[in-house]
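Protein chains in written order, with the numbering used here: chain Z, 631 to 755; chain C, 371 to 643.
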Amino acid sequence: MHALIVDDSRAIRSVIARMLRQAGWTVSEAGHGQEALEVLASLDDAPDIALVDWNMPVMDGYALLQALRSNPGYEQMQIMMVTTETEIERMQQALAAGANEYLMKPFTQEALAEKLGILGLDLAA
Amino acid sequence: MAPALDPQDFNWLCTFLRTESALVIDESKEYLVTTRLHPVLKEFGIATLTDLIGRLRQRPLGKVHQRVIEAMTTNETSFFRDVHPFDTLRDEILPELARKRGAAPLNIWCAAASTGQEPYTIAMVLREKFPDVAARTKILCTDINQTVLERTKNGIYSQLEVNRGLPAPLLLKYFDRKGSEWQVKPELSRMIETRILNLAAPWVGIPPMDIVFIRNVLIYFDVETRRSIVGRIRKNMAMDGFLFVGGAETLLNIDNDLTRATAGRSTLYRRAA
Ligand SMILES: C[S@@+](CC[C@H](N)C(=O)[O-])C[C@H]1O[C@@H](n2cnc3c(N)ncnc32)[C@H](O)[C@@H]1O
């Protein structure tokens with residue numbers, strides 16, 4: 631499996647990255663939406679999933695979500711918002727824009743693993 | 371932290387937990403007792419574990435006894451825990467029972483319901499795929515722990531709890547925001563009934579069950595107690611009913627009148643024909 635982690639917090643990226651790498655995943659990282667698009671453009675194959683923070687400088691996670699969902703090349707890539715935004719309206723907005731899952735910060739590693747499981751991406755498998 | 375327990379007191383406590391809740395604690399678990407009972411000491415303003423055990427030796431059983439039992443049992447649970455049982459429920463069991471039962475009500479029993487994530491998961495599966503069956507389904511939630519059962523009844527969950535195992539679309543559909551917490555909607559809570567029940571003691575007044583979930587609780591009992599509990603549950607099941615145990619649990623050599631049914635990756639049993 632291959633995940634792209636998009637978050638302006640290096641600490642959060644490395645926590646998630648470590649957990650996924652331990653499960654044998656490949657991990658790419660970006661600090662904001664614009665950088666995520668650049669990283670994606672440099673890859674031969676789209677990752678299986680993008681884990682996307684909402685509030686980031688330059689290009690926020692919602693704008694990234696919209697950009698990705700308007701590009702058929704990333705149709706197969708699942709997108710999970712991972713964010714401190716916990717309002718119902720935000721969640722509805724993200725799902726309506728094509729996010730597959732939504733994880734609220736703070737979260738435990740179990741919670742992340744379970745959310746990935748919901749998307750058919752078993753960490754143990 | 372706390373001084374070691376007098377072996378005699380520790381043994382007495384183990385016997386108490388065994389007789390009152392069938393909980394088995396082996397000698398190596400003294401640290402568990404110490405760490406779990408520490409909050410109870412604080413709560414009741416009791417100075418030492420020895421004093422607490424002195425209180426427990428008194429009869430009749432009261433609030434302190436209840437809290438000690440609650441503190442010693444693990445309530446860990448989550449929405450869609452282990453996932454597979456709920457796939458099996460949706461894809462195999464509910465279609466079969468819906469066909470067989472027709473317009474008759476469906477009885478489901480969560481025998482160690484804890485804080486309610488398991489029964490509400492079942493309720494969501496029903497509402498999503500079989501709304502008409504859901505309308506005539508009762509989910510009986512029992513537990514020995516009054517505090518967790520209260521939470522099942524209230525159906526209010528923290529952000530950390532709804533983060534765990536619950537698909538976001540279902541959170542949006544079946545929960546209302548209540549401050550920083552999330553409250554289950556009436557269409558789910560309507561299906562739920564709660565009742566305090568110690569599985570280790572005989573019970574009466576439970577109707578024949580079509581589906582029983584008894585997950586992640588048998589592990590705490592010794593083999594004899596497991597046999598007795600599972601035997602009594604079997605007799606409380608419809609002849610064509612289904613029984614779910616936890617993913618790591620088996621009824622092999624526990625009850626030979628239940629046979630393991632193969633259904634995906636679920637651990638599932640039926641009454642022998
Ligand atoms: C680990 S939780 C399991 C919750 C849920 N079934 C699940 O699998 O996620 C175990 C529950 O069993 C309850 N329990 C322990 N001993 C019991 C007994 N003797 N009778 C009824 N419930 C008991 C505890 O209070 C606790 O809520």
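Ideal Cβ placement from N, Cα and C applies to all residues, glycine included. Here the structure is a predicted model, which means the values were calculated and not measured.
Opposing strand residues paired with residue i [DSSP bridges]
{"i": "Thr-420 (chain C)", "result": "Answer is none; Thr-420 (chain C) lacks a bridge partner."}
{"i": "His-632 (chain Z)", "result": "Z:Thr-656"}
{"i": "Met-710 (chain Z)", "result": "Z:Leu-681 and Z:Glu-731"}
{"i": "Glu-563 (chain C)", "result": "C:Leu-510"}
{"i": "Thr-522 (chain C)", "result": "Partner(s): none; Thr-522 (chain C) has no beta bridge."}
{"i": "Leu-638 (chain C)", "result": "C:Phe-614 and C:Ala-631"}
{"i": "Asp-546 (chain C)", "result": "C:Gln-553"}
{"i": "Tyr-527 (chain C)", "result": "C:Trp-552"}
{"i": "Leu-476 (chain C)", "result": "C:Thr-507"}
Whether residue i touches residue j by CB criterion (9 angstroms)
{"i": "Ala-481 (chain C)", "j": "Ala-493 (chain C)", "result": "no"}
{"i": "Val-688 (chain Z)", "j": "Gln-664 (chain Z)", "result": "yes"}
{"i": "Asp-461 (chain C)", "j": "Gly-634 (chain C)", "result": "yes"}
{"i": "Thr-507 (chain C)", "j": "Leu-496 (chain C)", "result": "yes"}
{"i": "Leu-742 (chain Z)", "j": "Gln-708 (chain Z)", "result": "no"}
{"i": "Trp-684 (chain Z)", "j": "Asp-690 (chain Z)", "result": "yes"}
{"i": "Asp-625 (chain C)", "j": "Arg-585 (chain C)", "result": "no"}
{"i": "Ser-484 (chain C)", "j": "Asn-515 (chain C)", "result": "yes"}
{"i": "Ala-697 (chain Z)", "j": "Ser-658 (chain Z)", "result": "no"}
{"i": "Ser-398 (chain C)", "j": "Ile-439 (chain C)", "result": "no"}
{"i": "Asp-376 (chain C)", "j": "Thr-420 (chain C)", "result": "yes"}
{"i": "Thr-447 (chain C)", "j": "Glu-488 (chain C)", "result": "yes"}
{"i": "Gly-611 (chain C)", "j": "Arg-565 (chain C)", "result": "no"}
{"i": "Ala-441 (chain C)", "j": "Glu-400 (chain C)", "result": "no"}
{"i": "Phe-450 (chain C)", "j": "Leu-536 (chain C)", "result": "yes"}
{"i": "Phe-414 (chain C)", "j": "Val-394 (chain C)", "result": "no"}
{"i": "Glu-531 (chain C)", "j": "Tyr-544 (chain C)", "result": "no"}
{"i": "Ile-635 (chain Z)", "j": "Ala-660 (chain Z)", "result": "yes"}
{"i": "Leu-411 (chain C)", "j": "Thr-418 (chain C)", "result": "yes"}
{"i": "Tyr-732 (chain Z)", "j": "Thr-714 (chain Z)", "result": "no"}
{"i": "Leu-746 (chain Z)", "j": "Pro-539 (chain C)", "result": "no"}
{"i": "Gly-486 (chain C)", "j": "Arg-521 (chain C)", "result": "yes"}
{"i": "Glu-498 (chain C)", "j": "Gln-529 (chain C)", "result": "no"}
{"i": "Asn-623 (chain C)", "j": "Val-593 (chain C)", "result": "yes"}
{"i": "Ile-718 (chain Z)", "j": "Arg-547 (chain C)", "result": "yes"}
{"i": "Ala-473 (chain C)", "j": "Phe-500 (chain C)", "result": "no"}
{"i": "Ile-478 (chain C)", "j": "Phe-583 (chain C)", "result": "yes"}
Boundaries (first-last residue) of the beta strand (DSSP E) holding residue i
{"i": "Asn-725 (chain Z)", "result": "The sequence shown places Leu at residue 725 (chain Z), not Asn. Per DSSP, Leu-725 (chain Z) belongs to no beta strand (DSSP E); it is in the alpha helix (DSSP H), 718 to 726."}
{"i": "Ile-439 (chain C)", "result": "Counting along the chain, Ile-439 (chain C) falls outside any beta strand (DSSP E), though it belongs to the alpha helix (DSSP H) covering 433 to 442."}
{"i": "Phe-414 (chain C)", "result": "It is not in any beta strand (DSSP E) - Phe-414 (chain C) instead sits in the alpha helix (DSSP H) that spans 400 to 414."}
Presumed contact (8 angstroms Cβ cut-off) between residue i and residue j, rounded CB distance
{"i": "Ser-636 (chain C)", "j": "Pro-465 (chain C)", "result": "Their Cβ separation, rounded to whole angstroms, is 15 angstroms, which puts Ser-636 (chain C) and Pro-465 (chain C) out of contact at 8 angstroms."}
{"i": "Ile-463 (chain C)", "j": "Ile-581 (chain C)", "result": "6 angstroms"}
{"i": "Val-554 (chain C)", "j": "Tyr-639 (chain C)", "result": "About 29 angstroms separates the two Cβ atoms, so there is no contact after all."}
{"i": "Met-649 (chain Z)", "j": "Gln-722 (chain Z)", "result": "That belief does not hold up - the Cβ atoms of Met-649 (chain Z) and Gln-722 (chain Z) are roughly 28 angstroms apart, past 8 angstroms."}
{"i": "Glu-563 (chain C)", "j": "Leu-476 (chain C)", "result": "Not really, about 13 angstroms apart at Cβ, beyond 8 angstroms."}
{"i": "Ala-727 (chain Z)", "j": "Leu-753 (chain Z)", "result": "With a Cβ gap of about 26 angstroms, Ala-727 (chain Z) and Leu-753 (chain Z) do not count as contacting."}
{"i": "Ile-646 (chain Z)", "j": "Leu-749 (chain Z)", "result": "So it is not a contact: roughly 15 angstroms between Cβ atoms."}
{"i": "Met-607 (chain C)", "j": "Pro-578 (chain C)", "result": "6 angstroms"}
{"i": "Leu-569 (chain C)", "j": "Ile-589 (chain C)", "result": "With a Cβ gap of about 13 angstroms, Leu-569 (chain C) and Ile-589 (chain C) do not count as contacting."}
{"i": "Ile-533 (chain C)", "j": "Met-734 (chain Z)", "result": "Note that residue 533 (chain C) is Asn in the sequence shown here, rather than Ile. Correct: roughly 5 angstroms between the Cβ atoms."}
{"i": "Ile-423 (chain C)", "j": "Asp-379 (chain C)", "result": "5 angstroms"}
{"i": "Met-631 (chain Z)", "j": "Trp-655 (chain Z)", "result": "5 angstroms"}
Run of the alpha helix (DSSP H) containing residue i, from where it starts to where it stops
{"i": "Arg-469 (chain C)", "result": "464 to 471"}
{"i": "Ser-672 (chain Z)", "result": "663 to 672"}
{"i": "Asp-379 (chain C)", "result": "377 to 391"}
{"i": "Ile-492 (chain C)", "result": "487 to 499"}
{"i": "Leu-694 (chain Z)", "result": "691 to 699"}
{"i": "Ile-748 (chain Z)", "result": "739 to 748"}
{"i": "Pro-455 (chain C)", "result": "454 to 458"}
Residue i Cβ short of 8 angstroms to ligand 3 heavy atom set
{"i": "Tyr-692 (chain Z)", "result": "With respect to ligand 3, the structure offers nothing, as its ligand set consists of ligand 1."}
**OP:** Let me know the alpha helix (DSSP H) ranges lying completely inside the region 569 to 633 of chain C, each 4 residues or longer, listed in chain order.
**Re:** 593 to 605
Original post:
Which of the residues in the region 537 to 561 of chain C, read from start to end, lie with their CB under 7 angstroms from any CB of chain B?
Top reply: Within the model displayed, chain B is absent; protein chains Z and C are what it includes.
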